[in-house]
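When you read off a place in the sequence shown, starting at 1, and then add 1098, the result is the number in my numbering. Backbone N, C-alpha and C define an ideal beta-carbon position, used for all residues, glycine too. Let me begin by presenting the structure, written as structure tokens, before commenting on it.
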Amino acid sequence: MFSTTAFPDDFLPSFSRLYVDSHIRVVSRDEDPRLGLQTDTYTFQRPPKYGQDDFPPLDSAQASDALEVTDTSGAYTYADVLKLSRTTGFDLFEFPPEVRELVWEAAMRAGGTFSNGIHLRSHVYRREEPDRPSFLPRVCFLSRSTRDETVAVFMRNASYIIASIHDNVFLRKFIASVPGGQLNIRELSFRNFDFFPEHDRETGVLNTEDSDLELAVHCEGLRTVHLTMGPRFIGYHVLDEDTGQYDHRFRSTEELVTKYHLRRLLDCERLRTVHWHGLWMTTEHERVLRGLANWVKAEFASRGRKTEYTVT
């Protein structure tokens, strides 16, 4: 069925001639069954009008000093609720420093801050500012008032890896950025401790101080130190006249103590553990490192102090 409701009246005759043999049934406008369907109509109603009587002036209202309060709780008054529970948050600075430091440390550990040691060399290469290096967690940048306290907590829990004199200088400046920073450093790792030259490379004068050990002594709160000593610089080569080849020989404990000024390590008053690390360890190499470890332990014992060591 096809309706012509939407077409003009003169369209029907011509349309019928064109589609006489088709299966389409053409009906007139009057026969369209859809015209009988009535839909609900919506009658627009205007909103009621309000006059001045509905909104009297505010100054015409009569105020009353009497306040009627009805207790609907049946158990507590508002004053009782204030006594039983707080309605506001707590101020972190109401707690003593020891409690605040536990909060800072927990926040840092939750973010994995102390998972790995800090390789200072990469931060030196990037020319970062020592007083705000990128290895500091975000909690250290909350505000100026909490900066020193949070950085001190970070210092006590982090391990620092020093591999050059530039790393040494960088760490000293970082320590100086916090009041009493030297008391907060607990663990240092000297990755190239055996590289210390016996003589100054420019002047040839005998070096009287080891910059790594001087840094260790400067950190008054130091508890743990790592010393890496490969075979290259703790020995020397001797020509074998029979074979014409050079043989590597390790220095004695006394020679190494003198070369690396290891007596200075005894001035670390809070030191408890010394870790000795070797590279390409051999049996002879391990024997030399254990000799140094035993010497350091015996010297501390002679001063009435107990220390532990490992050789790996």
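Asked: Contact belief for L1364 with E1397 at Cβ below 8 Å, rounded distance in angstroms; Found: 6 Å
Asked: CA-to-CA distance, L1234 to F1252, given in whole angstroms; Found: 8 Å
Asked: Cβ-Cβ distance between L1269 and V1323 below 8 Å; Found: no
Asked: A1205 to D1229 span [Cα, whole Å]; Found: 21 Å
Asked: Cβ neighbour criterion (16 or more within 10 Å) applied to P1231; Found: buried
Asked: Sufficient close CB pairs (3 or more, under 8 Å) joining the region 1340-1349 to the region 1303-1313; Found: no
Asked: Boundaries of the beta strand (DSSP E) in which L1337 is found, first to last residue; Found: 1333-1338
Asked: Alpha-carbon to alpha-carbon, L1190 and A1399; Found: 44 Å
Asked: Residue nearest to Q1280 in terms of C-alpha spacing, selected from A1261, F1291, A1250; Found: A1250
Asked: For H1316, the nearest candidate out of R1225, F1272, G1333 (CA to CA); Found: F1272
Asked: Reduced DSSP category for Q1280 - H, G, I as helix; E, B as strand; rest coil; Found: helix
Asked: Span separating the alpha-carbon of Y1223 from that of R1289; Found: 17 Å
Asked: Closest residue to P1329 among P1195, T1356, H1217, H1375 (Cα-Cα distance); Found: H1375
Asked: Counted within 10 angstroms of its Cβ, other Cβ atoms place D1345 as buried (16 or more) or exposed; Found: exposed
Asked: Distance between beta carbons of N1282 and L1313, contact taken as under 8 Å; Found: Not quite, the Cβ-Cβ distance comes to about 14 Å (not below 8 Å), so this is no contact.
Asked: DSSP-derived helix/strand/coil call for C1366; Found: coil
Asked: Per-residue burial, T1356 [other beta carbons within 10 Å of its own, 16 or more giving buried]; Found: exposed
Asked: Buried/exposed call for W1202, threshold 16 Cβ in 10 Å; Found: buried
Asked: Ranges of the alpha helix (DSSP H) found wholly within the region 1205-1243, counting only runs of at least 4; Found: 1218-1223
Asked: Beta-carbon contacts of G1389 that lie in its chain and below 6 Å, excluding the five residues immediately before and after; Found: T1351
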